[in-house]
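Engineer:
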Amino acid sequence: MPEIYEQWLKFISGGQVNSSIPSCFLVNAKAIINDLTSRIDAWYWDPNKNDFAKKLEEAVGEEITEIMRLGDLVTEQGIFYPGRHRRNYIEPSENSVPFYSSSQILQVRPFDLKYQPKDYGPAQKHYVYKDWILITRSGSTGRVVMVTDTIANTMVSEHVIRVICDEQTIDPYYVYSYLASESIGKVLLEKGIYASVVDHITPDFVASIPIARLKPDRERAIANAMREAEKKRDNANKAFVEQQRALENLLKENVGK
Numbered sequence: 000m001p002e003i004y005e006q007w008l009k010f011i012s013g014g015q016v017n018s019s020i021p022s023c024f025l026v027n028a029k030a031i032i033n034d035l036t037s038r039i040d041a042w043y044w045d046p047n048k049n050d051f052a053k054k055l056e057e058a059v060g061e062e063i064t065e066i067m068r069l070g071d072l073v074t075e076q077g078i079f080y081p082g083r084h085r086r087n088y089i090e091p092s093e094n095s096v097p098f099y100s101s102s103q104i105l106q107v108r109p110f111d112l113k114y115q116p117k118d119y120g121p122a123q124k125h126y127v128y129k130d131w132i133l134i135t136r137s138g139s140t141g142r143v144v145m146v147t148d149t150i151a152n153t154m155v156s157e158h159v160i161r162v163i164c165d166e167q168t169i170d171p172y173y174v175y176s177y178l179a180s181e182s183i184g185k186v187l188l189e190k191g192i193y194a195s196v197v198d199h200i201t202p203d204f205v206a207s208i209p210i211a212r213l214k215p216d217r218e219r220a221i222a223n224a225m226r227e228a229e230k231k232r233d234n235a236n237k238a239f240v241e242q243q244r245a246l247e248n249l250l251k252e253n254v255g256k
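Going by numbering that gives the first Met the number 0, the first residue of the sequence shown is number 0, and it counts up by one from there.
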């Protein structure tokens, strides 16, 4: 705060600030007034994020063939999150389905999973399906997960945005790789975070994210590598669960004899 205050004094006396100081930069008032989001929080206007998006737009050439908005690459169902519903937790059984929180989808082996009835009406819109992309929208905001076999056909909290790519237009695993990357997707997603107490991000902002399109063979290679990596992760998780259950069964059969 002292550094920001010092820069404020420089600004009111001479109209300039030292932009090398973290959190200190100037934004033209007209840009804020004309912005469709009506955002006035400094996080949104951080030049590190804005400059990257601008440079991305200007990078179209031999490698980057075009820039498209994510909202133009999804199905009619598109980018959304379901409404909140009254929880109806029950014991695990053939008639129940796991219900993942926004933090549990980020865990390699989720702890304390809860279950809801498969046919529980109020929760039907919370089902997620294979090859959907999930983005946490509050709390640990902007984390990206691919729905693979491990969590496909289960329920996920309303605190997670669903992205359903149009596979005739783009491979979802390429989009997943793009959005999950530290130096690209994370930077672009962070620009849309707003907060009072808890960070949030909206489907409308996610739809506005610029996606760099590459030559088809290059996109395909990246997508296939990501698909194979996620498949191996699923297989590793499956092997872990199988061996864990085998050990549990063995001990139950022998303890107390």
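Glycine residues also receive a C-beta, built at the ideal position from the N, C-alpha and C atoms.
Because the structure is a prediction, the values reported are computed rather than measured.
(1) Check whether the region 163-176 and the region 217-231 are in contact - that is, three or more C-beta pairs closer than 8 Å.
(2) Just to confirm my understanding: we take residue 144, look at its own chain, exclude 5 residues before and 5 after, and list those with CB closer than 7 Å. What are they?
(3) Since residue 80 is in the alpha helix (DSSP H), which residue starts that stretch and which ends it?
(4) Would you mind listing the beta strand (DSSP E) stretches within the region 10-75 that are 3+ residues and don't spill past its ends, in chain order?
(5) Compare the Cα-Cα distances from residue 49 to each of 198, 238, 199 and 183 and report the closest residue.
(6) Tell me the start and end of each unbroken beta strand (DSSP E) in the region 108-175 that is at least 3 residues and wholly inside, in chain order.
(7) Go to residue 95, then tell me how far its alpha helix (DSSP H) extends in each direction, as first and last residue.
(8) Which whole-angstrom value is the C-beta distance of residue 207 and residue 38, which I expect to be below 8 Å?
(9) Determine the extent of the beta strand (DSSP E) in which residue 210 is found, giving its start and end residues.
(10) Using a Cβ-Cβ cutoff of less than 6 Å, which residues in the same chain neighbour residue 156 once the five nearest sequence positions on both sides are dropped?
(11) How big is the Cα-Cα spacing for residue 199 and residue 252?
(12) Residue 4 bridges to which residues according to DSSP?
(13) Just to check my reading of the structure: residue 40 and residue 193 have Cβ atoms closer than 8 Å, yes? What is that Cβ distance to the nearest angstrom?
(14) Can you grab the Cα-Cα spacing for the pair residue 212 / residue 164, in whole Å?
(15) Could you check how far apart the C-beta atoms of residue 186 and residue 51 are, in whole angstroms? I think they sit under 8 Å.
(16) What first and last residue would you give for the alpha helix (DSSP H) that runs through residue 184?
(17) For residue 65 versus residue 209, is the C-beta spacing smaller than 8 Å?
(18) Residues in its own chain within less than 7 Å of residue 168 by CB, not counting five upstream and five downstream?
(19) Would you tell me roughly how many angstroms separate the C-alpha atoms of residue 249 and residue 236, rounded to the nearest one?
(20) From the DSSP output, read off the bridge partner residues of residue 259.
Structural biologist: Taking the geometry as given:
(1) yes
(2) Start at 1 with the first residue of the sequence shown, and residue 144 comes out as number 145. So the list reads 104, 105 and 133, once near-sequence residues are dropped.
(3) The residue labelled residue 80 in the question sits at position 81 within the sequence shown. Per DSSP, residue 80 belongs to no alpha helix (DSSP H) and is neither H nor E.
(4) 63-68
(5) Here residue 49 is taken as the residue at index 50 of the sequence shown, counted from 1. Measuring from the Cα of residue 49, the nearest candidate turns out to be 183.
(6) For the region 108-175, whole beta strand (DSSP E) runs of length 3 or above, ordered along the chain, are 113-116, 132-135, 143-145, 153-155 and 159-164.
(7) Against the sequence shown, residue 95 aligns to sequence position 96. Where residue 95 is concerned, there is no enclosing alpha helix (DSSP H), although the beta strand (DSSP E) it sits in stretches over 95-99.
(8) As a working mapping, residue 207 is identified with position 208 in the sequence shown. As a working mapping, residue 38 is identified with position 39 in the sequence shown. Not really, about 12 Å apart at Cβ, beyond 8 Å.
(9) Within the sequence shown, residue 210 is the residue found at index 211, counting from 1. Unbroken beta strand (DSSP E) run through residue 210: 209-213.
(10) Start at 1 with the first residue of the sequence shown, and residue 156 comes out as number 157. Here the set comprises 100 and 101.
(11) By one-based count along the sequence shown, residue 199 stands at place 200. By one-based count along the sequence shown, residue 252 stands at place 253. About 49 Å.
(12) Numbered from its first residue, the sequence shown carries residue 4 at position 5. Answer is none; residue 4 lacks a bridge partner.
(13) Locating residue 40 in the sequence shown gives position 41, counting from the first residue. Locating residue 193 in the sequence shown gives position 194, counting from the first residue. Confirmed, about 6 Å.
(14) Indexing the sequence shown from 1 puts residue 212 at position 213. Indexing the sequence shown from 1 puts residue 164 at position 165. The alpha-carbon atoms of residue 212 and residue 164 are separated by roughly 14 Å.
(15) Counting from 1 along the sequence shown, the entry for residue 186 is found at position 187. Counting from 1 along the sequence shown, the entry for residue 51 is found at position 52. 5 Å between Cβ atoms; contact.
(16) Taking the first residue of the sequence shown as position 1, residue 184 is located at position 185. Looking at the DSSP string, the run of the alpha helix (DSSP H) that includes residue 184 is 184-189.
(17) Position 66 of the sequence shown, counting from 1, holds the residue named residue 65. Position 210 of the sequence shown, counting from 1, holds the residue named residue 209. Result no, Cβ atoms of residue 65 and residue 209 do not sit closer than 8 Å.
(18) Locating residue 168 in the sequence shown gives position 169, counting from the first residue. The residues are 72.
(19) As a position in the sequence shown, residue 249 is number 250, starting the count at 1. As a position in the sequence shown, residue 236 is number 237, starting the count at 1. For residue 249 and residue 236, the distance between alpha carbons rounds to 20 Å.
(20) A question about residue 259 goes unanswered here, because the residues of the chain that appear run from 0 up to 256.
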